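Going by my numbering, the sequence shown opens with residue 120, and the numbers climb by one from there.
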Amino acid sequence: MNVSRIAIAGGVAASTVLLLAGTASAHVSVQPQGEAAKGGYATINFKVPNERDDASTTKLEVNFPTDHPLSSVSAQALPGWKIEITKSKLAKPLDVHGKKINEAVSKVTWTADGTGIAPGYFQQFPLSVGQLPEDADQLVFKALQTYSNKEVVRWIEEPTAGGDEPESPAPVLKLTAASADAHGAAADDKSSDADAAKAKHSTASSKTASSASSSASDSTARVLGVVGIVIGIAGVAFGVLAGRRRSA
């Protein structure tokens, strides 16, 4: 009997741990499609699960980081959702491709037209963003999830290095190293320049060699011409002398 009670208690404890673990892991998160490289552009998805059994998620607000503002943000149309993109003035303008940007997106809001995200379901909210910072390893987006019963869950707690995950963690976008394509293109440009320089040098060398060959040919022709003239004069002189001898 005691063994049965211990087994039941153990099963209940294990189920409780699994339930709490599932609840803790179900939060608003952000992931890139492919990778989010520093200094580049990326498509990212905010994944929003519904954690309530008696209410639907009807609104999502995502606040953008102010320490690394993003000048370019565009949303993909989602059936059943209205999208509002809010911009704010920047204290320090951004320099993007040589152009000064005085404002950046500060918040994106999705509001359900219908039932929203029903219990037991999740929804992904895609965005195209850029230019990603080159001097950061991650971007933190603070999100607010609103339910149909007016409850608001604030996913705004920033993770700490080496610490446990907060109870209501903010979505964190991990940035990868700068794309090798850009460096590859630069290397290709340098290689092309080097090849062009080699080709130019080769052409110049060919022209020099051709000029030298032409000069050598001209010199040979002149020498042969002079030799021919000398032989001709000698022949004429020999003929004259021979004529005189016959006359004598």
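Where is the CB? At the ideal position from N, CA and C, for every residue including glycine. Since the structure is predicted, the reported quantities are computational estimates derived from the model, not experimental observations.
Exposure label - residue i; buried when at least 16 CB within 10 Å
i           : result
residue 270 : exposed
residue 161 : buried
residue 205 : exposed
residue 264 : buried
residue 240 : exposed
residue 289 : buried
Option in the options with minimal Cα separation from residue i
i           : options            : result
residue 259 : 204, 291, 274      : 291
residue 297 : 277, 189, 156      : 156
residue 245 : 171, 210, 170, 193 : 193
residue 234 : 283, 201, 186      : 201
residue 220 : 188, 267, 227, 272 : 188
residue 150 : 164, 199, 183      : 164
residue 266 : 174, 152, 191      : 174
residue 252 : 280, 190, 172      : 190
residue 184 : 159, 227, 172      : 227
residue 268 : 172, 159, 154      : 172
residue 211 : 198, 186, 153      : 186
Anticipated Cβ contact below 8 Å, residue i with residue j, distance rounded
i           : j           : result
residue 294 : residue 254 : That belief does not hold up - the Cβ atoms of residue 294 and residue 254 are roughly 10 Å apart, past 8 Å.
residue 247 : residue 225 : Not confirmed; about 17 Å, so no contact.
residue 180 : residue 262 : 7 Å
residue 147 : residue 274 : 5 Å
Residue(s) in a DSSP beta bridge with residue i
i           : result
residue 178 : 230, 265
residue 245 : 164
residue 150 : 164
residue 295 : 156
residue 214 : 219
residue 288 : 276
residue 203 : 228
residue 258 : 292
residue 191 : 249
Residue i and residue j closer than 7 Å at C-beta
i           : j           : result
residue 222 : residue 213 : no
residue 177 : residue 237 : no
residue 242 : residue 167 : yes
residue 287 : residue 276 : yes
residue 196 : residue 170 : no
Residue i Cβ short of 6 Å to the ligand ZN heavy atom set
i           : result
residue 265 : The model on display carries no ligand, and the ligand ZN is accordingly not part of it.
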